[in-house]
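**Q**
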Amino acid sequence: MTNDDMDLRILALLQEDALMTADLLAEKLPLSPSAIARRIRRMRADGTIAADVSIVSEEVGPFLSALVHVQFDRHSLDALQGLQRRLIASPHVQLVAEVTGSFDLVLVVSARDMDAFNALVDSLLGNDPVVRRYETSFFKRRRKFTPALPLHELLGD
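According to the working numbering, the sequence shown holds residues 184 to 340 in order.
In structure tokens form, the structure reads like this:
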């Protein structure tokens, strides 16, 4: 997965709008639509582009989002992997990140309401012997939400 400056420019634009066609990208970049399309196909095939998704706004309806910090009680590899598989498989868990510090995982979890959140967290974490404790902070408002990375700042020369 070697990406040059042009790949980074294409990726930056696609992060803004994944539905941009090669023709539209060619209006912004000094490449032909066919060259851009080839680069995009290559980046999808090699895993550089992991997915094309739609980000749904909160206007869809009310729901509850939470940041959950999880601390492990024991670090048995099999037990940890089982917990992580369950978390990753849950459609309510939007993010699972291993972190440093006093907690081991950070989760972003979405649920219909507080009752649904409590039931979900009880089923995922409440009775798991790997989990020592967890702390939850609820989102009041999303002021910014993007999975986009500042590629040129992170990877550029």
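Don't be surprised by glycine CBs; every beta carbon is placed ideally from N, CA and C. This one's a predicted model, so the numbers in the text were calculated from it and none came from an experiment.
1. Under the assumption that L270 contacts L307 (Cβ atoms under 8 angstroms), give the Cβ distance between them as a whole number of angstroms.
2. By Cβ distance, which residues of its chain are closer than 8 angstroms to P312, with the 5 residues on each side in sequence left out?
3. Using alpha carbons as the reference points, say which of D190, V304, S285, L191 lies closest to V291.
4. Report the CB separation of L212 from I219 in whole angstroms; it is logged as a contact under 8 angstroms.
5. At the level of alpha carbons, what is the spacing between D296 and S320?
6. Sorted by chain position, which residues of the same chain lie with C-beta nearer than 8 angstroms to L194's C-beta, five sequence neighbours on each side aside?
7. Please state if the CB of L338 and the CB of L208 are separated by a distance shorter than 8 angstroms.
8. Which residues does DSSP list as the beta-bridge partners of T283?
9. Terminal residues of the continuous alpha helix (DSSP H) containing A218?
10. Start and end of the beta strand (DSSP E) containing F300?
11. For E210 and S217, I'd like the C-alpha separation in whole angstroms.
12. Q198: which of H252, R221, I238 sits nearest, CA to CA?
13. Taking the alpha helix (DSSP H) that A272 belongs to, which residues open and close that run?
14. For Q264, tell me which candidate among P330, V314, E242 has the shortest Cα-Cα distance.
15. What are the boundary residues of the beta strand (DSSP E) that A201 is part of?
16. Just to confirm, are L165 and V289 a CB contact at a threshold of 8 angstroms?
**A** Here's the rundown:
1. 6 angstroms
2. Taking C-beta separations shorter than 8 angstroms and ignoring five residues to either side along the sequence, the partners of P312 in its chain run D256, R257, A262, following chain order.
3. V304
4. 7 angstroms
5. 14 angstroms
6. Only N186, M226, T231, I232, L334 meet the Cβ criterion.
7. no
8. None; T283 has no bridge partner.
9. 216-228
10. Where F300 is concerned, there is no enclosing beta strand (DSSP E), although the alpha helix (DSSP H) it sits in stretches over 297-304.
11. 13 angstroms
12. I238
13. 260-272
14. V314
15. Run containing A201: none; DSSP gives neither H nor E here.
16. Residue 165 lies beyond the range of the chain shown here (184 to 340); nothing can be said about it.
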